[in-house]
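Structure first, then comments.
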Amino acid sequence: MERVIEEYLLDKLKRGLDGKESSNSSKIPMHSKFRHIHNSLEKLLSFSSTQPVKQQGQSSFKEKLYILNDLLTECQILSTKKRTIHFPYINIRIKLNKIKAELESALSQNGNVNPQPNGSANSSPNADISQRRTTPTTYRFVDSKIIHGFEEHLATLERLVVRQKSDEDDGYKAIAIVGTKGIGKTSLCAVIFDNEEVKKRFLPRVWVSMPTPSDEEYRKCPKRAIAKRILSSLGVEEVENHGLKGLICALRQELARKRYLIVLDQWYGDLSSSEGDSLGLEHGFPKGYGGTVIVTSRTERVAKQIFGDDKRTVIPLLPLTDADMCWAIFKQEVEKDEWDFSPSNIEELKQQVLERSGGIPLRAKVLGEFMHNQLPQSNNTTPTM
């Protein structure tokens with residue numbers, strides 16, 4: 001199973017670099033460095049299929065591949081922005097250089113191995129892995145500095161995830177972030193997901209976007225669709241012929257004895273179905289090893305459906321009532337491309353932003369984007385909305 005996951009993650013990295021995971025691959029920062037690392041890993045994994053590879057206590061290939069796929073996703077997201085600060089790139093470059101150095105050391109220790117004709121990933125029983133269907137997941141890098149109005153909620157979530165009690169606790173940590181559309185549930189999770197302490201503490205770390213009610217498989221059996229999606233994100237693909245019980249068992253086996261973090265993002269559906277209603281998804285999450293599952297949804301009812309009777313913590317996000325917080329979100333969008341926005345009627349505009357957005361961060365952001373697009377057409381120092 002370990003080998004299958006490594007091959008899956010290596011193939012996922014290759015697809016991202018080739019542009020099969022993104023139409024913007026040619027613009028990915030540090031693309032050549034990613035490619036060099038991929039080639040080194042490919043050699044080492046091929047070599048490891050015939051004999052053990054010396055690594056001298058360094059992180060496993062699987063861990064490196066999880067990290068590399070995360071870093072590539074961050075680079076893909078950053079490359080789509082008109083203007084980005086250099087700090088994220090510096091962090092990414094440091095991590096890539098560290099992995100590159102470790103792989104070069106491993107190559108040196110093992111005699112600068114070359115791919116084995118009869119032992120390569122392409123000739124293994126899992127050679128068709130690149131043809132397997134991958135479950136779509138979405139994760140976007142979010143800077144904690146752009147979280148306005150929910151700093152206390154962010155601190156609470158970080159405390160729950162990072163500073164939880166001993167891993168010998170009986171259960172796993174179940175957290176539900178609940179709030180209306182556009183309130184910032186996904187952004188809050190993304191900040192925690194990208195937290196350095198979280199990255200060090202949890203492996204695997206998986207982000208899973210929930211299927212929509214229009215998904216055919218979801219309509220037949222929601223629980224089965226979700227379980228398959230989680231397993232696919234973990235690198236387990238041969239699950240098509242399994243029923244719900246088999247998928248839950250496979251999930252539990254894959255997560256056993258691991259300190260996992262799973263984010264189930266944007267879950268709005270109902271788990272009722274004709275297949276295995278009595279078997280809950282919570283049975284697939286092993287207890288006692290410090291695992292954590294976070295669900296984002298618009299209703300607390302969904303959290304109960306996901307976690308069953310397991311103890312859970314609910315973090316409700318309510319619309320902002322502070323005009324300054326909404327203004328900070330609005331102004332951040334208006335001042336993109338280094339524009340200076342200092343209207344003479346600022347207090348009036350603050351109230352307008354609060355009223356028109358209803359305290360919903362996403363709406364405030366959209367209003368800011370609208371104002372940003374309107375400003376070049378006018379030199380008016382007292383804009384209105």
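Mapping of the sequence shown onto full-length UniProt numbering: position 28 corresponds to residue 28, and the numbering continues sequentially without gaps.
A virtual CB, placed ideally from N, CA and C, is assigned to each residue, including glycine.
On a predicted model such as this, the values are computed, not experimentally measured, just so you know.
Assigned exposure category for residue i - 16 Cβ within 10 Å defines buried
i	result
residue 138	Caution applies to residue 138, whose pLDDT of 48 falls short of 50 and renders its modelled position unreliable; the model cannot decide the point.
residue 297	buried
residue 346	exposed
residue 321	exposed
residue 194	buried
residue 19	exposed
residue 11	buried
residue 17	buried
residue 338	exposed
residue 220	exposed
residue 32	exposed
Assumed close pair residue i, residue j - CB separation to whole angstroms, cut-off 8 angstroms
i	j	result
residue 262	residue 175	With 8 angstroms as the limit, residue 262 and residue 175 do not qualify as a contact, their Cβ atoms being about 11 angstroms apart.
residue 328	residue 148	4 angstroms
residue 445	residue 205	Outside the displayed span of the chain (1 to 385) sits residue 445, for which this structure offers no information.
residue 203	residue 63	6 angstroms
residue 248	residue 291	At roughly 15 angstroms, the Cβ-Cβ gap does not stay under 8 angstroms, so residue 248 and residue 291 are not in contact.
residue 13	residue 69	6 angstroms
Beta-carbon spacing of residue i, residue j below 7 angstroms
i	j	result
residue 289	residue 259	yes
residue 435	residue 178	Because the chain in this structure spans residues 1 to 385, residue 435 falls outside the shown range and cannot be described.
residue 264	residue 191	no
residue 162	residue 197	yes
residue 365	residue 323	no
residue 100	residue 28	no
residue 330	residue 353	yes
residue 286	residue 317	no
residue 45	residue 6	yes
residue 71	residue 92	yes
residue 358	residue 319	yes
residue 372	residue 348	no
Three-state class that DSSP yields for residue i in the structure shown
i	result
residue 389	The question about residue 389 has no answer, for the chain in this structure spans 1 to 385.
residue 60	coil
residue 205	strand
residue 98	helix
residue 265	strand
residue 93	helix
residue 256	coil
residue 131	Its pLDDT being 32, under 50, residue 131 is placed unreliably in this model, and the coordinates cannot settle the point.
residue 162	helix
residue 28	coil
residue 181	coil
residue 175	strand
residue 67	helix
residue 427	The structure shown does not extend to residue 427, since the chain is modelled only from 1 to 385, so the question has no answer here.
Could you name each continuous beta strand (DSSP E) segment of 3 residues or more that falls completely within the region 282–353, going from the start of the chain to the end? 292–297 and 313–316
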